[in-house]
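Peer 1: So that we are looking at the same thing, I have put the structure below in structure tokens.
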Amino acid sequence: MPSRAEAPITGYIPEGIDIYSENVGGKMLDVVLLNMRLHGRIAVCGMISQYNLDQPEGVHNLFCLISKQIRMEGFLVFDYYHLYPTFLDLVRQYIKEGKIVYLEDKAEGLESGPAALIGLYTGSNVGKQVVNWMTKLWPIKTIGPTLPSMYLDKRVEDDKDYSINLFKPNADACMEWLNTKESDSVVYVSFGSLASLGEEQKEELAWGLKGSNKYFLWVVRASEENKLLSKFAEETSEKGLLVTWCPQLEVLAHPAVGCFITHCGWNSTLEGLSLGVPMVTMPQ
Numbered sequence: 010m011p012s013r014a015e016a017p018i019t020g021y022i023p024e025g026i027d028i029y030s031e032n033v034g035g036k037m038l039d040v041v042l043l044n045m046r047l048h049g050r051i052a053v054c055g056m057i058s059q060y061n062l063d064q065p066e067g068v069h070n071l072f073c074l075i076s077k078q079i080r081m082e083g084f085l086v087f088d089y090y091h092l093y094p095t096f097l098d099l100v101r102q103y104i105k106e107g108k109i110v111y112l113e114d115k116a117e118g119l120e121s122g123p124a125a126l127i128g129l130y131t132g133s134n135v136g137k138q139v140v141n142w143m144t145k146l147w148p149i150k151t152i153g154p155t156l157p158s159m160y161l162d163k164r165v166e167d168d169k170d171y172s173i174n175l176f177k178p179n180a181d182a183c184m185e186w187l188n189t190k191e192s193d194s195v196v197y198v199s200f201g202s203l204a205s206l207g208e209e210q211k212e213e214l215a216w217g218l219k220g221s222n223k224y225f226l227w228v229v230r231a232s233e234e235n236k237l238l239s240k241f242a243e244e245t246s247e248k249g250l251l252v253t254w255c256p257q258l259e260v261l262a263h264p265a266v267g268c269f270i271t272h273c274g275w276n277s278t279l280e281g282l283s284l285g286v287p288m289v290t291m292p293q
């Protein structure tokens with residue numbers, strides 16, 4: 010149910026499950042507390058997005074926490090990140106068996122690039138059609154890029170980062186290393202927070218970086234590390250730096266970075282384009 014609802018619609022669907030969405034905290038949480046069962050349990054997950062609020066929402070009906078003996082527990086999806094490969098295997102199998110049907114816009118070959126780009130702006134792709142349809146129900150506007158102001162127009166002095174990191178970045182090690190390199194001399198390699206390279210891909214990429222004889226900064230998440238990369242890091246320590254995570258905006262904005270090898274994730278693509286870093290794309 011939308012968060013503006015006052016009570017669940019039990020009269021229409023008595024066996025249904027009440028789900029409140031649309032916003033986090035505020036009115037939604039007020040209604041949830043009133044309708045919780047005894048000893049109910051709330052997974053406080055969406056509350057993390059309150060870091061976007063200028064003024065934190067107040068909470069009412071807190072007496073329900075006592076009268077209904079409610080339990081509240083935070084939920085971080087990355088606590089279950091080790092299950093992601095299993096999830097991918099299951100979803101791929103479902104797609105192969107036809108249990109999951111999805112739509113995508115795919116352009117084959119460089120010659121189809123101009124038409125695909127025009128379609129992106131004229132509304133011929135599925136994503137744009139969905140947004141156009143939803144505007145009939147709600148006044149939705151697509152915005153962007155949503156990079157911190159200090160990397161774009163510099164109008165908001167304290168807007169320097171996203172205020173949240175999925176993993177702990179090796180910020181000091183990255184920036185100190187980059188500070189020792191000349192302008193446009195470093196290849197930055199990162200495949201985001203979710204994309205996973207196969208073992209053969211990792212090996213080929215490692216050989217390519219080594220063979221280029223260029224300086225490189227390669228982000229390899231802790232879950233992606235293996236013996237091959239550990240040995241590779243030792244053999245290329247004079248030319249490269251491998252880290253488990255880094256402050257990507259700071260890295261891309263650093264004058265030493267002259268190339269970005271990316272999986273074409275949404276954030277990475279926006280950041281690379283906005284900061285004017287040439288990209289070598291490896292869609293995953």
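Each step along the sequence shown adds one to the number in my numbering, with nothing skipped, and position 132 is 141.
No residue lacks a Cβ here, since even glycine has one placed at the ideal position from N, Cα and C.
Keep in mind it's a predicted model, so treat the numbers as computed, not measured.
1) Assign T95 to one of three DSSP states: helix, strand, or coil.
2) Does the distance from the C-beta atom of S283 to that of Y89 stay below 8 angstroms?
3) Taking the straight line between their C-alpha atoms, what separation do you get for D294 and S199?
4) Output the distance between the C-alpha atoms of V193 and F269, rounded to the nearest integer angstrom.
5) Going by other Cβ atoms of all chains shown within 10 Å of its Cβ, with 16 needed for buried, is Q257 buried or exposed?
6) Given this structure, state the Cα-to-Cα distance separating E213 from Q293, to the nearest angstrom.
7) To the nearest angstrom, report how far apart V140 and S133 are at their CA atoms.
8) Counting only runs that start and end within the segment 94-156, where is the alpha helix (DSSP H) found for 4 or more residues in a row?
9) Could you tell me the alpha carbon to alpha carbon distance between R13 and L47, rounded to whole angstroms?
10) Check whether the segment 237-246 touches the segment 167-179, taking contact to mean three or more Cβ pairs, one atom from each stretch, closer than 8 angstroms.
11) Look at the alpha carbon of L119 and the alpha carbon of W142, and state the distance between them as a whole number of angstroms.
12) Can you find the residues in the same chain that come closer than 7 angstroms, C-beta to C-beta, to A265, ignoring five residues on each side of it along the sequence?
13) Using C-beta distances below 8 angstroms, list every residue in its chain close to C255, excluding the 5 sequence neighbours before and after it, in chain order.
14) So, at 6 angstroms on beta carbons, what are the nonlocal neighbours of I51 in its own chain, with the 5 sequence-adjacent residues on each side left out?
15) My output table needs one value for T189: the three-state DSSP class, helix, strand or coil.
16) Use the C-beta contact count for L126: other C-beta atoms within 10 angstroms, 16 or more gives buried, fewer gives exposed.
17) Is the separation between the beta-carbon of D91 and that of S202 shorter than 8 angstroms?
Peer 2: With the structure as the only source:
1) When DSSP states are grouped into helix, strand and coil, T95 belongs to the helix group.
2) Here S283 is not near Y89, since their CB atoms are 8 angstroms or more apart.
3) No statement about residue 294 is possible, as the shown extent of the chain runs from 10 to 293 and does not include it.
4) One point to set straight first is that residue 193 is Asp, not Val, in the sequence displayed. Whole-angstrom Cα-Cα distance: 11 angstroms.
5) Counting Cβ neighbours within 10 Å, Q257 comes out buried, since at least 16 surround it.
6) Distance between the alpha carbons of E213 and Q293: 15 angstroms.
7) So the two alpha carbons sit approximately 11 angstroms from each other.
8) You should have 122-131 and 135-143.
9) With a pLDDT of 46 at R13, under the threshold of 50, the modelled position of that residue is not reliable, and the figure given next carries that caveat. So the alpha carbons of these two residues sit roughly 23 angstroms apart.
10) When C-beta atoms of the segment 237-246 are compared with those of the segment 167-179, fewer than three pairs fall below 8 angstroms, so the two segments do not count as touching.
11) In a straight line, the C-alpha of L119 is about 30 angstroms away from that of W142.
12) Taking C-beta separations shorter than 7 angstroms and ignoring five residues to either side along the sequence, the partners of A265 in its chain run L187, K190, E191, S192, S194 and V195, following chain order.
13) Annotation for C255: P178, N179, A180, C183, S199, L226 and V228 place their beta carbon closer than 8 angstroms to its own, counting only its chain and skipping 5 residues before and after.
14) Correct list, in chain order: M81.
15) Correct three-state label for T189: coil.
16) Exposed: under 16 other Cβ atoms inside 10 Å.
17) According to the sequence as given, residue 91 is His; it is not Asp. No, the pair does not count as a contact, with Cβ atoms beyond the cut-off.
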